[in-house]
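Numbered per this note's numbering, the sequence shown spans residues 14 to 450.
Just so you know, even glycine gets a beta-carbon here, dropped at the ideal spot from N, CA and C.
Since we're looking at a predicted model, the values are computed, not measured.
Worksheet: one structure, shown below.
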Amino acid sequence: MRKLSFNTEKTKALLIGVSEYDYLPQIGPVKNNLVDFANILADSEIIGLPVSNIISLIDFRHDEIINAIDDFLYDENNVDIETLILYYAGHGYRDPKDKMFYLTGTNSKKESIRVSAFLYKEIKDRIESSQIQNRIIFLDACYSGLATMSEEIGILQKEELDIKGTYTIASSSGDEKSYFNPVEKHTFFTSTLINTLNEGFVLSQQNFVTLDELYGELKKKLYNLSMPEPKRMSNLNITNYYFFKNKKNFNLIQNSGVKINSTFSDVQEFNLEAKQKFLTSDEWFSEVIKKLERATNAHIYLRAFQHPNEAKKERQEEIVNMMKSFARIIYEHPAQIKIVAYSTKSVQRESAKSWLFKEISNKYGIKITQAKNQVNSAVTLINQPCFDDMFSIYIINERYIYYAQKAVEKYVFAYYEFDNRTIPNLIKKGFDLTILN
(Lines of atoms letter the chains of each structure in order from A and count residues from 1; the text may use other names and numbers.)
(Lines give C-alpha, C1' and ligand atoms only; values in the text may rest on other atoms or scores of the structure.)
Protein backbone atom coordinates (compact mmCIF):
# COMPACT_ATOMS: atom_id res chain seq x y z
CA MET A 1 0.00 0.00 0.00
CA ARG A 2 1.40 3.40 -0.98
CA LYS A 3 2.20 5.83 1.83
CA LEU A 4 4.28 8.91 2.59
CA SER A 5 8.00 8.47 1.91
CA PHE A 6 8.94 9.59 5.42
CA ASN A 7 8.05 8.69 8.99
CA THR A 8 6.16 11.69 10.39
CA GLU A 9 7.28 10.85 13.94
CA LYS A 10 10.90 11.06 12.78
CA THR A 11 10.45 14.24 10.77
CA LYS A 12 10.94 17.78 12.04
CA ALA A 13 10.16 21.11 10.41
CA LEU A 14 11.98 24.40 10.95
CA LEU A 15 10.00 27.37 9.62
CA ILE A 16 11.78 30.74 9.43
CA GLY A 17 10.11 33.99 8.44
CA VAL A 18 11.12 37.63 8.54
CA SER A 19 8.23 40.06 8.28
CA GLU A 20 9.35 43.19 10.17
CA TYR A 21 12.70 44.72 9.20
CA ASP A 22 14.61 47.54 10.86
CA TYR A 23 16.11 48.83 7.59
CA LEU A 24 14.44 46.95 4.72
CA PRO A 25 10.90 46.97 3.29
CA GLN A 26 8.34 45.16 5.43
CA ILE A 27 6.76 41.89 4.22
CA GLY A 28 3.48 41.72 6.14
CA PRO A 29 2.11 38.40 4.81
CA VAL A 30 5.12 36.38 6.02
CA LYS A 31 3.63 35.90 9.51
CA ASN A 32 0.55 34.27 8.02
CA ASN A 33 2.81 32.16 5.79
CA LEU A 34 4.40 30.55 8.85
CA VAL A 35 1.19 30.03 10.80
CA ASP A 36 -0.74 28.47 7.93
CA PHE A 37 2.14 26.37 6.58
CA ALA A 38 2.66 24.98 10.11
CA ASN A 39 -1.05 24.08 10.23
CA ILE A 40 -0.74 22.30 6.88
CA LEU A 41 2.23 20.27 8.11
CA ALA A 42 0.34 19.29 11.28
CA ASP A 43 -2.91 18.40 9.48
CA SER A 44 -3.27 14.61 9.59
CA GLU A 45 -5.29 14.67 6.37
CA ILE A 46 -2.36 16.26 4.51
CA ILE A 47 0.99 15.41 6.18
CA GLY A 48 0.47 14.92 9.91
CA LEU A 49 3.64 15.99 11.69
CA PRO A 50 3.36 16.07 15.49
CA VAL A 51 2.93 19.68 16.58
CA SER A 52 5.96 19.32 18.86
CA ASN A 53 8.06 18.54 15.76
CA ILE A 54 7.33 21.92 14.16
CA ILE A 55 9.47 24.90 15.20
CA SER A 56 8.61 28.40 13.95
CA LEU A 57 10.97 31.39 14.11
CA ILE A 58 9.40 34.73 13.21
CA ASP A 59 11.29 38.03 13.08
CA PHE A 60 14.71 36.96 14.40
CA ARG A 61 18.04 38.72 13.82
CA HIS A 62 20.39 37.11 11.29
CA ASP A 63 22.74 35.75 13.99
CA GLU A 64 19.81 34.36 15.98
CA ILE A 65 18.59 32.52 12.88
CA ILE A 66 22.00 30.90 12.31
CA ASN A 67 22.24 29.91 15.99
CA ALA A 68 18.73 28.44 15.88
CA ILE A 69 19.62 26.39 12.79
CA ASP A 70 22.76 25.10 14.52
CA ASP A 71 20.79 24.21 17.64
CA PHE A 72 18.23 22.42 15.50
CA LEU A 73 20.67 20.44 13.35
CA TYR A 74 23.03 19.41 16.13
CA ASP A 75 20.59 18.88 19.00
CA GLU A 76 21.18 15.52 20.72
CA ASN A 77 17.40 15.05 20.90
CA ASN A 78 17.33 14.97 17.10
CA VAL A 79 19.61 11.95 16.65
CA ASP A 80 16.64 9.82 15.56
CA ILE A 81 15.32 12.43 13.12
CA GLU A 82 15.42 11.12 9.54
CA THR A 83 13.81 13.98 7.60
CA LEU A 84 14.07 17.77 7.81
CA ILE A 85 11.58 20.21 6.28
CA LEU A 86 13.09 23.70 6.14
CA TYR A 87 11.09 26.77 5.08
CA TYR A 88 12.31 30.36 4.76
CA ALA A 89 10.40 33.51 3.76
CA GLY A 90 12.01 36.95 3.67
CA HIS A 91 14.35 39.17 1.63
CA GLY A 92 17.24 37.66 -0.32
CA TYR A 93 20.16 39.47 -1.97
CA ARG A 94 23.24 38.74 -4.07
CA ASP A 95 26.13 41.01 -3.17
CA PRO A 96 27.48 42.52 -6.43
CA LYS A 97 31.01 42.52 -4.97
CA ASP A 98 31.50 38.97 -3.75
CA LYS A 99 28.64 37.51 -5.86
CA MET A 100 27.46 35.53 -2.84
CA PHE A 101 23.78 35.05 -2.03
CA TYR A 102 22.50 36.23 1.36
CA LEU A 103 19.31 35.68 3.33
CA THR A 104 18.23 38.30 5.84
CA GLY A 105 17.13 38.80 9.43
CA THR A 106 15.33 41.71 11.05
CA ASN A 107 18.60 43.65 11.48
CA SER A 108 19.89 43.17 7.92
CA LYS A 109 21.04 46.27 6.09
CA LYS A 110 22.06 46.65 2.46
CA GLU A 111 25.14 48.75 3.23
CA SER A 112 26.48 46.09 5.60
CA ILE A 113 24.91 43.00 4.09
CA ARG A 114 27.98 40.80 4.65
CA VAL A 115 27.89 41.29 8.41
CA SER A 116 24.15 41.82 8.96
CA ALA A 117 22.80 38.88 6.91
CA PHE A 118 23.81 35.23 6.51
CA LEU A 119 25.14 33.39 3.50
CA TYR A 120 22.84 30.84 1.92
CA LYS A 121 26.02 28.77 1.50
CA GLU A 122 26.32 28.63 5.31
CA ILE A 123 22.92 26.96 5.46
CA LYS A 124 23.85 24.66 2.59
CA ASP A 125 27.10 23.58 4.30
CA ARG A 126 25.39 22.98 7.63
CA ILE A 127 22.65 20.89 6.07
CA GLU A 128 25.08 18.79 4.05
CA SER A 129 27.16 18.02 7.15
CA SER A 130 24.17 17.12 9.33
CA GLN A 131 23.23 13.53 10.10
CA ILE A 132 19.65 14.02 8.90
CA GLN A 133 19.36 11.86 5.78
CA ASN A 134 16.58 13.55 3.81
CA ARG A 135 15.95 17.28 3.58
CA ILE A 136 13.18 19.24 1.88
CA ILE A 137 13.63 22.99 1.47
CA PHE A 138 11.01 25.57 0.48
CA LEU A 139 12.61 28.97 -0.12
CA ASP A 140 10.22 31.89 -0.63
CA ALA A 141 12.52 34.90 -0.97
CA CYS A 142 11.88 38.36 -2.39
CA TYR A 143 15.02 39.40 -4.27
CA SER A 144 14.15 42.99 -5.10
CA GLY A 145 14.00 44.65 -1.70
CA LEU A 146 17.74 45.37 -1.74
CA ALA A 147 18.68 45.46 -5.43
CA THR A 148 18.92 48.57 -7.59
CA MET A 149 18.25 48.59 -11.32
CA SER A 150 21.97 48.17 -12.02
CA GLU A 151 22.42 45.16 -9.74
CA GLU A 152 21.65 41.50 -10.12
CA ILE A 153 18.41 40.63 -8.40
CA GLY A 154 20.17 37.56 -7.12
CA ILE A 155 17.87 34.67 -7.96
CA LEU A 156 19.45 31.43 -6.79
CA GLN A 157 21.37 29.46 -9.40
CA LYS A 158 21.15 25.71 -9.94
CA GLU A 159 24.51 24.95 -8.36
CA GLU A 160 23.46 26.83 -5.22
CA LEU A 161 20.23 24.87 -4.96
CA ASP A 162 22.11 21.58 -5.36
CA ILE A 163 22.46 20.18 -1.83
CA LYS A 164 23.31 16.54 -1.18
CA GLY A 165 20.30 14.54 0.03
CA THR A 166 18.01 17.53 -0.46
CA TYR A 167 14.97 18.47 -2.57
CA THR A 168 14.69 22.24 -2.98
CA ILE A 169 11.84 24.33 -4.38
CA ALA A 170 12.51 28.07 -4.53
CA SER A 171 10.40 30.99 -5.67
CA SER A 172 11.86 33.20 -8.40
CA SER A 173 10.31 36.53 -7.52
CA GLY A 174 12.41 39.22 -9.13
CA ASP A 175 10.23 42.13 -8.05
CA GLU A 176 8.00 42.88 -5.10
CA LYS A 177 4.84 42.97 -7.21
CA SER A 178 5.39 39.34 -8.13
CA TYR A 179 6.23 38.43 -4.53
CA PHE A 180 3.33 39.72 -2.46
CA ASN A 181 0.37 42.06 -2.25
CA PRO A 182 0.14 43.81 1.14
CA VAL A 183 -3.63 43.22 1.30
CA GLU A 184 -3.35 39.47 0.63
CA LYS A 185 -2.96 36.96 3.43
CA HIS A 186 0.14 35.22 2.02
CA THR A 187 2.97 35.85 -0.41
CA PHE A 188 2.04 34.53 -3.86
CA PHE A 189 4.40 31.54 -3.89
CA THR A 190 3.46 30.36 -0.39
CA SER A 191 -0.23 30.96 -1.09
CA THR A 192 0.01 28.65 -4.10
CA LEU A 193 1.97 26.09 -2.08
CA ILE A 194 -0.51 26.11 0.83
CA ASN A 195 -3.57 25.94 -1.43
CA THR A 196 -2.12 23.06 -3.44
CA LEU A 197 -1.28 21.06 -0.32
CA ASN A 198 -4.63 21.86 1.26
CA GLU A 199 -6.83 21.17 -1.76
CA GLY A 200 -4.84 18.47 -3.55
CA PHE A 201 -5.31 17.80 -7.25
CA VAL A 202 -6.43 14.98 -9.52
CA LEU A 203 -3.50 12.73 -10.49
CA SER A 204 -4.70 9.42 -11.88
CA GLN A 205 -6.64 8.89 -8.65
CA GLN A 206 -3.49 8.68 -6.52
CA ASN A 207 -3.72 8.88 -2.74
CA PHE A 208 -0.30 10.49 -2.36
CA VAL A 209 1.57 13.15 -4.31
CA THR A 210 5.31 13.26 -5.01
CA LEU A 211 7.54 16.30 -4.71
CA ASP A 212 8.02 16.29 -8.49
CA GLU A 213 4.25 16.36 -9.00
CA LEU A 214 3.89 19.12 -6.41
CA TYR A 215 6.51 21.19 -8.22
CA GLY A 216 4.76 20.65 -11.56
CA GLU A 217 1.46 21.86 -10.11
CA LEU A 218 3.10 24.92 -8.52
CA LYS A 219 4.80 25.76 -11.81
CA LYS A 220 1.51 25.50 -13.72
CA LYS A 221 -0.52 27.53 -11.23
CA LEU A 222 2.07 30.30 -10.94
CA TYR A 223 2.33 30.49 -14.73
CA ASN A 224 -1.46 30.85 -14.98
CA LEU A 225 -1.23 33.73 -12.49
CA SER A 226 1.53 35.39 -14.56
CA MET A 227 3.96 34.80 -11.70
CA PRO A 228 7.65 33.87 -12.06
CA GLU A 229 8.45 30.20 -12.54
CA PRO A 230 9.78 28.52 -9.38
CA LYS A 231 13.18 26.79 -9.32
CA ARG A 232 13.76 23.16 -8.39
CA MET A 233 16.70 20.91 -7.61
CA SER A 234 16.37 17.26 -6.60
CA ASN A 235 19.25 15.43 -4.97
CA LEU A 236 17.32 12.82 -3.02
CA ASN A 237 18.13 9.14 -3.28
CA ILE A 238 14.44 8.28 -3.73
CA THR A 239 12.95 8.74 -7.21
CA ASN A 240 9.26 9.10 -6.26
CA TYR A 241 9.26 10.91 -2.93
CA TYR A 242 5.65 10.97 -1.69
CA PHE A 243 5.28 14.18 0.29
CA PHE A 244 1.59 14.65 1.07
CA LYS A 245 -1.83 13.03 1.00
CA ASN A 246 -3.99 14.01 -1.95
CA LYS A 247 -7.27 15.42 -0.65
CA LYS A 248 -8.73 15.59 -4.13
CA ASN A 249 -8.35 11.87 -4.66
CA PHE A 250 -11.25 10.13 -6.39
CA ASN A 251 -11.49 7.38 -3.79
CA LEU A 252 -11.60 9.90 -0.97
CA ILE A 253 -14.65 11.52 -2.53
CA GLN A 254 -16.28 8.19 -3.33
CA ASN A 255 -15.95 7.12 0.28
CA SER A 256 -17.23 10.43 1.62
CA GLY A 257 -20.85 9.61 0.83
CA VAL A 258 -21.35 12.44 -1.66
CA LYS A 259 -23.30 11.41 -4.75
CA ILE A 260 -21.43 13.21 -7.48
CA ASN A 261 -24.20 13.04 -10.06
CA SER A 262 -27.01 13.79 -7.64
CA THR A 263 -28.93 16.98 -6.90
CA PHE A 264 -28.63 19.21 -3.88
CA SER A 265 -31.53 17.56 -2.09
CA ASP A 266 -29.05 14.82 -1.17
CA VAL A 267 -27.36 17.05 1.39
CA GLN A 268 -30.40 16.49 3.59
CA GLU A 269 -29.17 12.91 4.09
CA PHE A 270 -26.32 14.27 6.23
CA ASN A 271 -27.04 14.85 9.89
CA LEU A 272 -25.37 18.27 9.93
CA GLU A 273 -26.74 21.63 10.95
CA ALA A 274 -27.93 23.53 7.88
CA LYS A 275 -30.56 26.17 7.27
CA GLN A 276 -32.53 25.76 4.07
CA LYS A 277 -34.66 28.43 2.46
CA PHE A 278 -36.59 28.63 -0.79
CA LEU A 279 -36.66 31.98 -2.57
CA THR A 280 -38.33 33.74 -5.45
CA SER A 281 -36.09 34.28 -8.46
CA ASP A 282 -35.76 38.00 -7.62
CA GLU A 283 -34.84 37.26 -4.00
CA TRP A 284 -32.35 34.62 -5.12
CA PHE A 285 -30.52 36.94 -7.54
CA SER A 286 -30.46 39.70 -4.93
CA GLU A 287 -28.98 37.46 -2.22
CA VAL A 288 -26.39 35.88 -4.51
CA ILE A 289 -25.21 39.32 -5.63
CA LYS A 290 -24.92 40.56 -2.02
CA LYS A 291 -22.92 37.49 -0.99
CA LEU A 292 -20.62 37.75 -4.04
CA GLU A 293 -19.92 41.44 -3.39
CA ARG A 294 -18.25 40.52 -0.08
CA ALA A 295 -16.95 37.07 -0.99
CA THR A 296 -13.30 36.05 -0.75
CA ASN A 297 -13.93 32.47 -1.88
CA ALA A 298 -16.31 31.17 -4.55
CA HIS A 299 -16.89 27.91 -6.42
CA ILE A 300 -19.43 28.35 -9.20
CA TYR A 301 -21.15 26.21 -11.82
CA LEU A 302 -23.08 28.01 -14.58
CA ARG A 303 -25.36 26.28 -17.06
CA ALA A 304 -25.72 29.56 -18.95
CA PHE A 305 -22.55 31.62 -19.30
CA GLN A 306 -22.92 34.61 -21.58
CA HIS A 307 -22.09 38.27 -22.11
CA PRO A 308 -24.45 40.46 -20.02
CA ASN A 309 -25.85 42.03 -23.20
CA GLU A 310 -27.00 38.57 -24.32
CA ALA A 311 -28.97 37.92 -21.12
CA LYS A 312 -32.68 38.55 -20.80
CA LYS A 313 -33.31 42.28 -20.63
CA GLU A 314 -34.89 42.15 -17.18
CA ARG A 315 -31.81 40.34 -15.81
CA GLN A 316 -29.02 42.28 -17.53
CA GLU A 317 -28.27 44.60 -14.60
CA GLU A 318 -28.10 41.64 -12.21
CA ILE A 319 -25.82 39.70 -14.56
CA VAL A 320 -23.52 42.74 -14.86
CA ASN A 321 -23.27 42.94 -11.04
CA MET A 322 -22.51 39.23 -10.82
CA MET A 323 -19.84 39.46 -13.51
CA LYS A 324 -18.25 42.45 -11.75
CA SER A 325 -18.03 40.37 -8.58
CA PHE A 326 -16.49 37.49 -10.57
CA ALA A 327 -13.87 39.93 -11.90
CA ARG A 328 -13.13 41.31 -8.43
CA ILE A 329 -12.61 37.89 -6.85
CA ILE A 330 -10.50 36.69 -9.79
CA TYR A 331 -8.22 39.71 -9.39
CA GLU A 332 -8.12 40.00 -5.59
CA HIS A 333 -8.29 36.31 -4.65
CA PRO A 334 -7.05 34.40 -7.71
CA ALA A 335 -6.44 31.15 -5.85
CA GLN A 336 -9.88 31.23 -4.19
CA ILE A 337 -12.26 31.17 -7.16
CA LYS A 338 -13.28 28.57 -9.68
CA ILE A 339 -15.97 29.06 -12.33
CA VAL A 340 -17.11 26.13 -14.44
CA ALA A 341 -19.14 27.42 -17.35
CA TYR A 342 -21.29 25.89 -20.05
CA SER A 343 -23.55 27.35 -22.69
CA THR A 344 -25.13 25.95 -25.82
CA LYS A 345 -22.89 28.11 -28.02
CA SER A 346 -19.11 28.36 -27.65
CA VAL A 347 -19.26 31.92 -28.99
CA GLN A 348 -21.37 32.93 -25.99
CA ARG A 349 -18.85 31.49 -23.55
CA GLU A 350 -15.87 33.19 -25.18
CA SER A 351 -17.81 36.46 -25.33
CA ALA A 352 -18.44 36.24 -21.57
CA LYS A 353 -14.75 35.61 -20.90
CA SER A 354 -13.84 38.62 -23.04
CA TRP A 355 -16.12 40.76 -20.88
CA LEU A 356 -14.19 39.62 -17.81
CA PHE A 357 -10.82 40.31 -19.51
CA LYS A 358 -11.81 43.91 -20.20
CA GLU A 359 -13.43 44.50 -16.81
CA ILE A 360 -10.32 43.38 -14.92
CA SER A 361 -7.92 45.21 -17.25
CA ASN A 362 -9.86 48.49 -17.12
CA LYS A 363 -10.77 48.48 -13.43
CA TYR A 364 -7.42 47.40 -12.03
CA GLY A 365 -5.15 48.97 -14.63
CA ILE A 366 -3.35 45.81 -15.71
CA LYS A 367 -2.43 44.59 -19.17
CA ILE A 368 -5.10 42.66 -21.06
CA THR A 369 -2.73 39.68 -21.39
CA GLN A 370 -2.36 39.48 -17.61
CA ALA A 371 -6.14 39.78 -17.21
CA LYS A 372 -6.59 36.96 -19.72
CA ASN A 373 -4.19 34.73 -17.79
CA GLN A 374 -6.09 35.35 -14.56
CA VAL A 375 -9.48 34.67 -16.13
CA ASN A 376 -8.24 31.57 -17.96
CA SER A 377 -6.88 30.22 -14.68
CA ALA A 378 -10.18 30.79 -12.86
CA VAL A 379 -12.70 29.86 -15.58
CA THR A 380 -13.06 26.36 -17.01
CA LEU A 381 -15.25 26.07 -20.12
CA ILE A 382 -16.99 22.75 -20.69
CA ASN A 383 -18.71 21.35 -23.77
CA GLN A 384 -21.61 19.63 -22.06
CA PRO A 385 -23.58 20.29 -18.86
CA CYS A 386 -22.51 18.43 -15.73
CA PHE A 387 -26.00 18.10 -14.31
CA ASP A 388 -29.27 17.46 -16.13
CA ASP A 389 -31.46 19.52 -13.81
CA MET A 390 -29.10 22.08 -12.26
CA PHE A 391 -29.06 25.57 -13.75
CA SER A 392 -26.48 27.22 -11.50
CA ILE A 393 -24.69 26.58 -8.23
CA TYR A 394 -22.77 29.05 -6.06
CA ILE A 395 -20.67 27.87 -3.11
CA ILE A 396 -19.65 31.11 -1.42
CA ASN A 397 -17.10 31.47 1.39
CA GLU A 398 -17.33 27.69 1.94
CA ARG A 399 -20.53 28.12 3.90
CA TYR A 400 -23.38 29.32 1.69
CA ILE A 401 -24.74 27.27 -1.19
CA TYR A 402 -27.20 28.86 -3.61
CA TYR A 403 -28.68 26.86 -6.42
CA ALA A 404 -31.26 27.12 -9.17
CA GLN A 405 -32.69 23.73 -10.05
CA LYS A 406 -35.12 22.78 -12.78
CA ALA A 407 -38.22 21.08 -11.37
CA VAL A 408 -41.07 19.50 -13.31
CA GLU A 409 -42.78 22.73 -14.33
CA LYS A 410 -40.52 25.52 -13.09
CA TYR A 411 -37.16 26.45 -11.57
CA VAL A 412 -36.58 26.14 -7.85
CA PHE A 413 -34.38 28.81 -6.24
CA ALA A 414 -32.97 27.94 -2.84
CA TYR A 415 -29.98 28.09 -0.54
CA TYR A 416 -28.33 26.26 2.33
CA GLU A 417 -26.37 27.93 5.11
CA PHE A 418 -24.04 25.51 6.91
CA ASP A 419 -22.52 25.82 10.37
CA ASN A 420 -19.24 24.35 9.11
CA ARG A 421 -17.39 23.72 5.84
CA THR A 422 -17.70 19.93 5.69
CA ILE A 423 -20.54 19.54 3.20
CA PRO A 424 -19.66 22.58 1.02
CA ASN A 425 -16.11 21.28 0.64
CA LEU A 426 -17.25 17.75 -0.17
CA ILE A 427 -19.63 19.09 -2.80
CA LYS A 428 -16.84 21.24 -4.26
CA LYS A 429 -14.69 18.15 -4.62
CA GLY A 430 -17.56 16.26 -6.20
CA PHE A 431 -17.95 18.99 -8.80
CA ASP A 432 -14.25 18.95 -9.61
CA LEU A 433 -14.32 15.23 -10.21
CA THR A 434 -17.47 15.42 -12.31
CA ILE A 435 -15.94 18.16 -14.47
CA LEU A 436 -12.51 16.59 -14.85
CA ASN A 437 -13.91 13.17 -15.65
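Counterpart residues of residue i in DSSP-defined beta bridges
i, result
"Thr-24", "Thr-96"
"Thr-223", "Tyr-255"
"Tyr-415", "Tyr-407 and Tyr-428"
"Asn-147", "Thr-96"
"Ala-102", "Gly-30 and Asp-153"
"Met-246", "Thr-181"
"Val-353", "Tyr-314 and Thr-393"
"Lys-290", "Tyr-428"
"Thr-117", "Ala-130"
"Arg-107", "Phe-114"
Inter-residue Cα distance where the pair is residue i and residue j
i, j, result
"Met-246", "Ser-299", "51 Å"
"Ser-364", "Lys-44", "41 Å"
"Glu-22", "Glu-58", "15 Å"
"Leu-152", "Asp-72", "16 Å"
"Val-92", "Gln-144", "8 Å"
"Ile-381", "Ala-340", "13 Å"
"Ile-126", "Phe-193", "23 Å"
"Met-240", "Ala-384", "13 Å"
"Tyr-228", "Ile-352", "24 Å"
"Ile-373", "Pro-195", "19 Å"
"Asp-295", "Phe-257", "45 Å"
"Arg-328", "Tyr-344", "24 Å"
"Val-388", "Ile-140", "41 Å"
"Leu-392", "Glu-124", "A small fix is needed here, since residue 392 is Val in this sequence, not Leu. Val-392 and Glu-124: Cα-Cα distance of roughly 46 Å."
"Tyr-407", "Ile-332", "14 Å"
"Ser-390", "Asp-88", "45 Å"
"Ile-67", "Leu-28", "8 Å"
"Leu-238", "Asn-310", "17 Å"
Three-state class that DSSP yields for residue i in the structure shown
i, result
"Asp-153", "strand"
"His-199", "coil"
"Asp-54", "The sequence given here has Leu at residue 54, not Asp. Residue state, collapsed to three classes: helix."
"Ile-68", "strand"
"Ser-364", "helix"
"Arg-434", "coil"
"Arg-316", "coil"
"Lys-75", "Lys is not the amino acid found at residue 75; the sequence shown has His there. Helix at His-75."
"Ala-308", "coil"
"Tyr-344", "helix"
"Ile-126", "helix"
"Ile-440", "helix"
"Ser-338", "helix"
"Asn-386", "helix"
"Pro-38", "coil"
"Lys-16", "coil"
"Gly-229", "helix"
"Ser-239", "coil"
"Ala-81", "helix"
"Ile-60", "coil"
Per-residue burial, residue i [other beta carbons within 10 Å of its own, 16 or more giving buried]
i, result
"Val-421", "No answer about Val-421 holds up, because its pLDDT of 47 lies below 50 and its placement is not dependable."
"Ile-440", "buried"
"Phe-291", "exposed"
"Gly-378", "exposed"
"Arg-148", "buried"
"Lys-180", "Here residue 180 is Tyr; the residue named in the question, Lys, does not match the sequence. Buried."
"Gly-31", "Just to set this straight, residue 31 is Val in the shown sequence, not Gly. Val-31 comes out buried."
"Arg-307", "exposed"
"Pro-437", "buried"
"Lys-134", "exposed"
"Val-425", "buried"
"Val-64", "exposed"
"Thr-293", "exposed"
"Lys-371", "exposed"
"Val-128", "exposed"
"Ser-184", "buried"
"Ser-142", "exposed"
"Asp-49", "buried"
"Phe-319", "For clarity, residue 319 is Gln in the given sequence; the question names Phe instead. Buried is the call here."
"Glu-242", "exposed"
"Lys-326", "exposed"
"Asn-253", "exposed"
Minimum Cβ-Cβ distance from residue i to chain D less than 9 Å
i, result
"Thr-179", "Looking for chain D here will not work: only one protein chain is present."
Given 8 Å, three or more beta-carbon pairs between the region 30 to 38 and the region 116 to 126: The region 30 to 38 vs the region 116 to 126: in contact.
Any chance the region 397 to 416 sits against the region 309 to 326, with 3 or more Cβ pairs inside 8 Å? yes
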